Every structure is written in C-alpha cells, then in structure tokens.
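Chemist: Take a look at the following structure, please.
Chains as they are written, first to last, in the working numbering: chain P, 210 to 563; chain F, 210 to 563.
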C-alpha cells in the first residue's frame with residue numbers, strides 16, 4: 210500500500226478538495242497508471258452530493274480515466290510502462306460468472322467492482338477513482354488507447370462513449386436505421402457521433418434552441434424541438450432511440466416516435482419514469498422500452514478502436530482540478546459543451562510515500 | 210345487404226339483448242359464416258360498457274368466432290360451404306402497406322378493420338361482431354379450423370390464443386427458456402399451455418390461491434404467489450414474462466424477476482402503468498418491457514395449426530347468449546375458468562330477410 214494525492218469529498222456537504230488516499234501495491238496482474246486526464250460524469254456529481262443516498266466517504270470520484278502506465282506486475286504481458294491506457298467505470302468483477310464469461314462484466318452476477326465508492330476485491334478497502342494522481346487496476350480492466358486519439362477528448366469515451374456505443378451495437382444499429390437521440394449532453398453528443406459513424410440517419414431532439422446548430426455540426430441529419438406538435442408530426446418515424454434525459458420524465462411522447470418494433474433505450478434517468486408507460490402505446494406498434502449499462506471490457510476496447518478508426522472523441526472543456534466544484538455547478542445549469550475533463554497535471558504532487 | 214339477428218348493446222347503459230343488424234352481401238372474395246360459437250373476451254365487456262369512452266352503438270361484440278361456411282363469393286377458392294372456420298379481432302386491413310405486406314395486418318399503417326365497432330372498408334357502415342347468427346368476411350381474414358379441434362374450445366384461440374402465441378414466437382421462446390406467466394385468466398391460461406408446448410419451463414404467478422392446482426394441471430412447472438418475499442427470492446430468474454394483469458399496476462416487481470436481457474411483455478393493461486418503470490431496474494440487467502397486439506392472419510393460422518397438432522384449446526364454460534350479462538358480471542368478479550363461450554344455437558332465428 211502507498212499513499213498518493215487526490216481530490217476527495219469527505220461528506221456530502223464538503224466540497225472536493227486535496228486529500229491523501231491509499232492505493233494498493235502493484236500485484237502480479239496489476240497495472241499502475243499515472244493519470245493524465247479524467248472526465249467529469251454527471252454521476253460523479255450525484256455521488257459526491259449523495260443525491261442517491263448511497264455514497265461512501267471519503268470519495269475520490271472519476272471513472273473516465275486516461276493515463277500512462279508507470280509500472281506493471283510481473284505477470285502482466287500486454288502492457289508496459291509508457292503505454293497510453295484508460296480505465297472506465299469498473300476495475301474488477303468476479304470473472305467467473307456467466308456474465309463475466311461472456312465479457313459482460315458490467316452485469317457480473319456477483320456485481321462488478323465500481324471504480325470508486327465500492328469495495329476493492331483485493332484489499333477489501335474503498336475504491337478511489339480518477340480525480341487522483343495514480344490508480345492501480347488489474348490488467349483485465351485496463352483499455353489500450355491508440356496514440357492517434359486526442360487523449361483528453363478520449364477520456365469521456367470510457368463512460369459516455371461506451372454507454373452509447375454498447376446499446377447501438379447490441380441492438381444492431383447501422384445503415385438504413387432511423388435513430389433518435391433525445392437530449393444533447395455528455396451522452397447525447399457521443400450518441401450522435403457514434404450512431405452517425407455506424408451509418409444511421411440521426412435525428413436529435415433537444416429542448417435547448419442554442420444547441421440546434423451544434424447538433425448539426427456533431428453530425429445530426431435532423432434536429433427537432435420537443436414541442437408537442439413537432440413530436441406528433443414525427444410519430445412512428447424512428448427505429449431506435451437513445452434517451453439521455455438525466456431525470457425522471459414522461460417517456461410516452463418519445464415512445465410514440467418509434468416505428469413498429471422500435472426500441473427506446475433509457476440511458477439517463479435511473480429513477481422511476483413518471484408518469485407511467487402507456488400499455489396501449491407499446492402494444493399497437495410492438496414497441497419496447499429497454500436500458501443498458503456501460504459495456505463490457507472487450508466491448509470498451511472495441512469502442513475505443515472504432516473511435517480511433519473514425520476519428521471520434523468527445524467535445525471537451527479542459528479544467529484544472531481546482532475548478533471542479535465550479536464545474537459541477539455549471540453542469541447543473543447545463544452550461545457546458547459537452548464534457549468537462551480534468552487535466553490532472555493541475556493536481557500538484559503533495560504527498561509522501563510514493 | 211341483408212338483415213340477420215344478433216345480440217347487441219344499444220348504449221353503454223343498455224344491457225345486451227336481441228337486435229336486428231345488417232350484414233353486407235357476399236362479394237366475390239367474401240365468405241359467409243354461420244356462427245357456432247363465440248368466445249367472450251374481457252375487451253367485449255369494456256366496449257359494451259364504454260369503459261374506454263370510444264364505443265360506437267349499436268354494438269354487436271365478439272371477436273372469437275368459430276362457425277361453418279354457408280356461402281362463398283365467386284372468386285373464393287380456398288373455402289367451401291361446410292368448412293369449419295374462424296374469425297378473430299380483424300376482418301380487413303389496407304393490404305398494401307409495409308406491415309400488411311409482411312403479414313402483420315394487426316399493425317396495418319392505415320389501421321386494420323376491427324371485427325366490431327369499426328367502419329367496414331367495403332360498405333362504410335359499422336362492423337358487427339360474433340354475438341350473431343352470421344358474419345360476412347373477406348376470405349383473407351378467415352382462418353381454417355382443423356376438425357380435430359373441439360370447436361367451442363377453439364373459439365378463444367382467435368384472440369386469447371394468438372395474443373399469447375405471437376409474442377412467444379416473436380421473441381423466439383422455446384426449450385431452455387424460463388417463462389413466467391403473470392395472471393391466470395383467459396390470456397394467462399393460454400400462455401401456460403402454449404409456452405409449455407413450445408418447450409419452455411413455465412412459472413405461474415397468481416394472486417388467487419384457488420388457482421394453484423389449476424395452474425399445475427394446465428402445465429405450469431412452478432406456481433408462485435405474488436407475495437413480496439416470494440417475488441424477491443425469484444429475482445433475475447426468468448428469460449421472458451407474459452404479464453396478463455388486465456389493469457394498471459406496478460410492473461417493477463415483475464421486471465425484477467427477469468434475468469439479464471429478459472423481456473417482460475404487457476398483454477393485459479392498456480392504460481399507463483403506474484407507478485412508473487424504474488430506469489435503474491432495467492439498466493442493471495439490460496431488461497426490456499414490450500407489448501404486442503394479437504397476431505397477423507398467417508400467424509393466426511399457424512397458431513391454430515400448432516394448437517391442433519399439440520391438442521391445445523381453451524378451458525371454456527359454454528353459455529347461452531341469454532346469460533351474457535350475467536357472464537360479464539362474473540368476469541368482473543373473476544369467477545370463471547377460463548373463458549366463456551357462447552353457443553350461438555341459443556340465438557333463435559327471429560329475423561326476416563335472410
């Protein structure tokens with residue numbers, strides 16, 4: 210075990226600030242990463258502020274991590290010092306259940322180990338995320354980042370990227386499909402880029418008039434408001450929708466946009482979606498409402514390679530760690546395009562024991 | 210046009226009673242059917258009583274019709290007088306849209322013509338259903354009923370049968386699948402028989418202790434109550450659920466029964482399902498909530514043939530037409546096993562003009 214510096218919340222009321230945390234020693238299958246950039250996911254904000262009343266403190270948020278390998282365990286063959294790598298929402302899983310065997314570690318029947326606020330399967334201690342100088346992760350959960358990708362813009366791919374890529378792949382979206390993206394934030398803007406690169410015709414629905422031009426720039430073929438009449442005119446027109454609205458809302462007007470056999474995937478809201486789903490509305494077109502959770506490790510690597518091949522990354526605003534609380538406030542006001550990424554060089558070395 | 214006798218509701222307040230209705234003449238592609246039996250669907254009750262505030266009167270309900278061909282149009286080649294045939298929920302559709310071209314007339318983009326309470330595409334007049342002596346239907350929408358099936362027990366297959374068969378087929382349920390049937394009524398009891406015949410392992414969830422033995426007799430491998438603790442013990446255990454609860458209810462405890470990638474199909478409730486679907490619950494196992502509507506004509510024939518091959522039909526209680534209002538009252542009290550079927554011989558000939 211060694212100590213390293215990080216930015217942590219010590220309770221829901223205490224803003225993030227400098228903190229010393231303990232990382233595990235590099236085991237035979239471990240990779241130590243010196244973190245260069247860490248994306249700021251809306252989930253971080255919820256966890257830091259204990260919005261879901263499930264947070265454990267002290268907490269070092271961050272699960273969109275890009276960095277350089279600085280040390281590898283003796284049995285690690287696929288990584289070496291200096292490699293550019295990434296870590297997403299998971300750092301471990303049971304690795305023997307039916308889901309893990311299929312490369313679906315995010316659905317591990319014994320629960321994956323989340324990158325922060327969870328219990329480390331090796332040490333039994335709290336896991337700490339990427340608002341930190343270093344992280345130690347078992348090699349299985351480390352993603353190779355091709356050098357052709359802009360590293361700061363690649364960080365959000367580890368969560369926002371895979372969260373939108375995985376359902377598009379799972380439900381086999383490609384050329385000839387009419388895809389809707391509801392909400393143009395961190396997830397939505399990745400959804401537009403990825404769906405477009407997969408060959409789909411993309412329609413963006415946004416409540417923010419100032420995002421209309423941007424949606425087109427990101428690749429949307431059509432940009433529509435969520436005005437009732439506009440929505441009604443586009444009923445039964447889409448094969449697939451990624452709904453990234455991050456709070457509970459009436460999904461029925463979006464369900465109505467689906468053609469027969471269309472699927473609406475909920476990616477934002479994690480609470481009950483009120484008012485309730487209209488049984489009639491799904492029956493009369495055999496529509497489905499589904500959801501999915503990030504993606505497996507192999508699929509995350511596939512997504513990164515796909516992004517490198519297609520020149521896709523997130524639109525980011527780089528901030529120093531000292532601006533993180535301000536960034537959270539701006540996220541609440543939706544004042545960003547489209548993801549904050551922390552330049553971890555701003556986190557000066559303050560700690561001993563390294 | 211000719212007049213024939215039927216049992217009709219003349220308004221939401223007026224119980225069903227004898228009535229004279231007009232049927233169209235037998236056109237070149239039409240089949241005239243002398244009705245032997247007509248199943249009583251819960252939908253009939255809703256329509257008669259105008260529960261959905263969309264009813265048109267006079268109304269002759271009934272869309273689970275079995276009878277004998279008594280006359281065919283000059284271009285009809287596949288049917289002849291004396292054939293045993295059936296008619297379900299639809300009597301026509303546009304027959305040229307993308308859905309109709311795929312044999313999915315129930316999703317006709319120009320709307321199918323419903324068997325009763327709709328407008329006849331030929332005459333522009335109200336359609337009248339099966340609580341009647343005769344019906345005239347375009348041959349495309351007439352189903353052949355093999356003589357090996359008990360005709361009175363076959364009638365409910367035309368709605369309850371196809372409504373459960375179609376989703377089981379669409380989502381490719383068969384050997385090795387764990388299927389749940391929620392609610393053991395007209396739809397549910399057909400769901401048990403069909404899922405079992407397709408090779409699935411079937412678990413029935415019922416709130417009625419007196420139905421437990423019956424569920425086993427119908428073929429269920431496991432019968433469970435909807436007790437909170439029982440449900441919790443069976444979380445993540447099923448691949449597919451047919452939810453036949455006919456009113457709005459909390460679907461989340463049933464969604465929780467699904468394994469990863471499991472699908473819950475709503476077949477009963479047509480109103481908004483309150484409280485709302487929990488986004489988290491579907492995300493963490495990539496679950497889906499869907500619904501479907503009866504089945505296409507070709508699939509209905511396939512279902513009837515499947516039932517004949519496997520010796521499957523509905524469990525019915527035969528009633529004379531004069532007992533229909535009493536039957537509705539018993540349906541509301543769920544006092545039936547599992548479908549009322551009207552013996553149309555009880556509707557004596559009273560009319561002229563035949």
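Positions of the beta carbon are idealized from the N, C-alpha and C atoms, including for glycine.
Bear in mind the structure is a predicted one, so any value in this text is a computation, not a measurement.
Provide the residue span of the alpha helix (DSSP H) that contains residue 425 of chain F, from first to last.
Modeler: Start and end: 421-427.
Chemist: Under 8 Å Cβ-Cβ, which residues of chain P neighbour residue 507 of chain F?
Modeler: By Cβ distance, chain P contributes nothing, its closest Cβ being about 16 Å from residue 507 of chain F, past 8 Å.
Chemist: Note down, in chain order, all residues in the segment 488-514 of chain P with a beta-carbon under 8 Å from any beta-carbon belonging to chain F.
Modeler: So the list reads 488, 489, 491, 492, 493, 494, 495, 496, 497, 498, 499, 500, 501 and 502, given in the order they occur along the chain.
Chemist: Leaving out the 5 sequence neighbours to the left and right, which residues in its chain are closer than 6 Å to residue 271 of chain P when beta-carbon positions are compared?
Modeler: Answer for residue 271 of chain P: 247, 338, 339 and 340, listed in chain order.
Chemist: So residue 251 of chain F and residue 540 of chain F are supposed to be a Cβ contact under 8 Å. How far apart are they, rounded?
Modeler: Contact flag correct, Cβ pair sits at about 6 Å.
Chemist: Within 8 Å of any Cβ in chain F, is that where the Cβ of residue 475 of chain P sits?
Modeler: Judged by the 8 Å Cβ criterion, residue 475 of chain P is in contact with chain F.
Chemist: For residue 162 of chain F versus residue 530 of chain F, is the C-beta distance shorter than 8 Å?
Modeler: The structure shown does not extend to residue 162 of chain F, since chain F spans only 210 to 563, so no value can be given for it.
Chemist: Let me check one thing: in DSSP terms, what residues is residue 214 of chain P bridge-paired to?
Modeler: For residue 214 of chain P, which the question treats as bridged, DSSP gives the partners P/229.
Chemist: Within its chain, find whatever has a CB closer than 7 Å to the CB of residue 238 of chain F; leave out the 5 residues flanking it on each side and keep chain order.
Modeler: Excluding residues within five positions, the ones whose Cβ falls inside 7 Å are 282, 284, 285, 347 and 348.
Chemist: Taking the C-alpha atoms as reference points, what is the distance between residue 327 of chain P and residue 259 of chain P?
Modeler: Taking the straight line joining both Cα atoms gives about 14 Å.
Chemist: Should residue 282 of chain P be counted as a contact of the ligand NAD given a C-beta to heavy atom distance under 7 Å?
Modeler: Absence of the ligand NAD from the depicted structure is noted, as is the absence of any ligand whatsoever, leaving it without description.
Chemist: If you draw a straight line from the alpha carbon of residue 361 of chain P to that of residue 278 of chain P, how long is it in whole angstroms?
Modeler: If I take the Cα positions, the gap works out to 16 Å.
Chemist: Return the Cβ separation of residue 451 of chain F and residue 390 of chain F in integer angstroms, given the expectation that the two are a contact with Cβ distance under 8 Å.
Modeler: 5 Å between Cβ atoms; contact.
Chemist: Straight-line CA distance for residue 261 of chain F to residue 484 of chain F?
Modeler: Their Cα atoms are separated by approximately 21 Å.
Chemist: Is the separation between the beta-carbon of residue 335 of chain P and that of residue 534 of chain P shorter than 8 Å?
Modeler: Contact flag unset, no.
Chemist: I need the straight-line Cα distance from residue 554 of chain P to residue 478 of chain P, nearest angstrom please.
Modeler: So the two alpha carbons sit approximately 33 Å from each other.
Chemist: Terminal residues of the continuous alpha helix (DSSP H) containing residue 243 of chain F?
Modeler: Run containing residue 243 of chain F: none in the alpha helix (DSSP H); it sits in the beta strand (DSSP E), 239-249.
Chemist: Got a sec? Which residues, its chain only, sit under 6 Å from residue 497 of chain F by beta carbon, not counting five neighbours each side?
Modeler: For residue 497 of chain F, where only same-chain residues beyond five positions count, the Cβ hits under 6 Å are 472.
Chemist: How would you list, in chain order, the residues of chain P whose beta-carbon sits under 7 Å from the beta-carbon of residue 479 of chain F?
Modeler: Correct list: 488, 489 and 492.
Chemist: Could you check whether residue 365 of chain F and residue 474 of chain F sit closer than 8 Å to each other, using their CB atoms as the reference points?
Modeler: Result no, Cβ atoms of residue 474 of chain F and residue 365 of chain F do not sit closer than 8 Å.
Chemist: Which chain P residues sit within Cβ distance under 8 Å of residue 316 of chain F?
Modeler: Under the 8 Å cutoff, chain P gives 469, 493, 494 and 495.
Chemist: Whole angstroms are fine: how far does the CA of residue 517 of chain F sit from the CA of residue 559 of chain F?
Modeler: Annotation note: pLDDT 48 at residue 559 of chain F (below 50); position unreliable, coordinate value reported separately. Each residue's alpha carbon lies about 35 Å from the other.
Chemist: Residue 215 of chain P and residue 342 of chain P look like a contact to me (Cβ under 8 Å); what is the Cβ gap, rounded to whole Å?
Modeler: Contact flag correct, Cβ pair sits at about 7 Å.
Chemist: What does residue 485 of chain P touch in chain F if you count any residue whose Cβ is under 8 Å from its own?
Modeler: Chain F residues near residue 485 of chain P: 457, 481, 482, 483, 484, 485 and 486.
Chemist: For residue 310 of chain P, decide whether its Cβ has a neighbour in chain F, counting only Cβ atoms nearer than 8 Å.
Modeler: No, its Cβ sits nowhere closer than 8 Å to a Cβ of chain F.
Chemist: Can you check which of these residues, F/410, F/244 and F/371, is closest to residue 385 of chain F by C-alpha distance?
Modeler: It is F/410.
Chemist: Assuming contact is defined by CB atoms lying nearer than 8 Å, are residue 295 of chain F and residue 367 of chain F in contact in what I supplied?
Modeler: Yes, these two residues count as a Cβ contact at 8 Å.
Chemist: Go through its chain and collect everything with a Cβ distance to residue 537 of chain P's Cβ below 6 Å, but skip five positions before and after it.
Modeler: Cβ within range, chain order: 254.
Chemist: Is DSSP giving residue 353 of chain P helix, strand or coil here?
Modeler: In this structure, residue 353 of chain P counts as strand in the three-state DSSP scheme.
Chemist: Which whole-angstrom value describes the C-beta separation of residue 332 of chain P and residue 302 of chain P, a residue pair presumed to lie in contact below a C-beta threshold of 8 Å?
Modeler: Between residue 302 of chain P and residue 332 of chain P the Cβ distance is about 16 Å, and since that is not below 8 Å, they are no contact.
Chemist: Taking only runs that begin and end inside the segment 371-403 of chain P, name each unbroken beta strand (DSSP E) of 3 or more residues, in chain order.
Modeler: The qualifying runs are 387-391.
Chemist: On the DSSP bridge list, what partners appear for residue 223 of chain F?
Modeler: Residue 223 of chain F pairs with F/220.
Chemist: Is it buried or exposed, residue 315 of chain P, if we count other Cβ atoms within 10 angstroms and call 16 or more buried?
Modeler: Buried.
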